[in-house]
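**Q**
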Amino acid sequence: MECEMCGKKVAKTTKIMIDGAILNVCDDCAKFGTPVIDHNKFKPVDPAIRVQLPEKPQPRTVSSPARKQVRKVNDEDLDIVEDYAELVKNAREKLAMSQADLAAKIFERKNVIASIERGELMPDLKTARKLEKILGITLVEKVS
Ligand SMILES: [Zn+2]
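My numbering numbers the first residue of the sequence shown as 1067 and each following residue consecutively.
1. Flag this pair as yes or no: are the beta carbons of GLY1202 and ALA1157 separated by less than 8 angstroms?
2. What does THR1100 pair with, by DSSP beta-bridge criteria?
3. Where does the unbroken beta strand (DSSP E) through ILE1146 begin, and where does it stop?
4. Where do the ends of the beta strand (DSSP E) carrying LYS1208 lie?
5. Quick one: is CYS1069 buried, meaning 16 or more other Cβ sit within 10 Å of its Cβ, or exposed?
6. Over the uninterrupted alpha helix (DSSP H) stretch that includes VAL1178, give me the two end residues.
7. Under a Cβ-count criterion, where at least 16 other Cβ atoms within 10 Å of its own Cβ denotes burial, should LEU1161 be classed as buried or exposed?
8. From LYS1075, MET1071 and LYS1078, pick the residue whose C-alpha is nearest to that of ILE1084; which is it?
9. With the cut-off set at 8 angstroms, would you say ILE1172 and THR1193 are in Cβ contact?
10. Within 10 angstroms of the Cβ of VAL1209, are there 16 or more other Cβ atoms? Answer buried if so, exposed if not.
11. Quick one: is ALA1096 buried, meaning 16 or more other Cβ sit within 10 Å of its Cβ, or exposed?
12. Near ligand 1, which residues have their beta-carbon less than 6 angstroms from any of its heavy atoms, given in chain order?
13. Using the beta-carbon count (16 or more within 10 Å), is GLU1183 buried or exposed?
14. Count the other CB atoms within 10 Å of the CB of LYS1155; is the residue buried (16 or more) or exposed (fewer)?
This is the structure we're talking about:
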């Protein structure tokens, strides 16, 4: 027999697959491919295709519709206004409050207020609501 890869005459060849092609090769060349076990049934599988095989459908949890509804009321239609930083700072200064004062009132650290006023930290809905109440400003708007 002759190796289909290097042409060497050998007593026994091994069936391997290289790049989707099946070749009968010598033992030396066999290591360059994947051994073909069942040549009748073997279907070459491109590893790239294999990765894209459909994933198992994720089971949708039954609880999600109810949760989504609650979320929608609380979060999804609401957003923090873009100029929250300025609003908070101006309102606080108007009320002659220090950052520490304001922080204490909403049970946050002074750093949090400072970051909010620098525009580095967007307050979450809960914090925004507290700030609105104390400062008499509007921070939460409805998303259209
Ligand atoms: Zn060979």
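Here a beta-carbon is modelled for each residue, glycine too, at the ideal position from N, C-alpha and C.
**A** To lay it out plainly:
1. Along the sequence shown, one-based indexing puts residue 1202 at 136. Along the sequence shown, one-based indexing puts residue 1157 at 91. Contact flag set, yes.
2. Locating residue 1100 in the sequence shown gives position 34, counting from the first residue. BP columns for THR1100 point to MET1083.
3. Numbered from its first residue, the sequence shown carries residue 1146 at position 80. Here the beta strand (DSSP E) through ILE1146 covers 1144-1146.
4. Walking along the sequence shown from the start, residue 1208 turns up at place 142. Taken as a continuous stretch (DSSP letters only), the beta strand (DSSP E) holding LYS1208 covers 1206-1208.
5. Numbered from its first residue, the sequence shown carries residue 1069 at position 3. It counts as buried.
6. Looking up residue 1178 in the sequence shown gives position 112. First-last of the alpha helix (DSSP H) with VAL1178: 1176-1183.
7. Start at 1 with the first residue of the sequence shown, and residue 1161 comes out as number 95. It counts as exposed.
8. Reading the sequence shown from its first residue, position 18 is the one you call residue 1084. Considering only alpha carbons, the answer is MET1071.
9. Start at 1 with the first residue of the sequence shown, and residue 1172 comes out as number 106. Start at 1 with the first residue of the sequence shown, and residue 1193 comes out as number 127. Yes. Within cutoff.
10. Taking the first residue of the sequence shown as 1, we reach residue 1209 at position 143. With fewer than 16 other Cβ atoms within 10 Å, it is exposed.
11. Counting from one through the sequence shown, the residue named residue 1096 turns up at place 30. By the 10 Å Cβ count, ALA1096 comes out buried.
12. CYS1069, MET1071, CYS1072, LYS1074, VAL1091, CYS1092, ASP1094 and CYS1095
13. One-based indexing of the sequence shown puts residue 1183 at position 117. Flag for GLU1183 reads buried.
14. Here residue 1155 corresponds to residue number 89 of the sequence shown, with the count starting at 1. Buried, since its Cβ has 16 or more Cβ neighbours within 10 Å.
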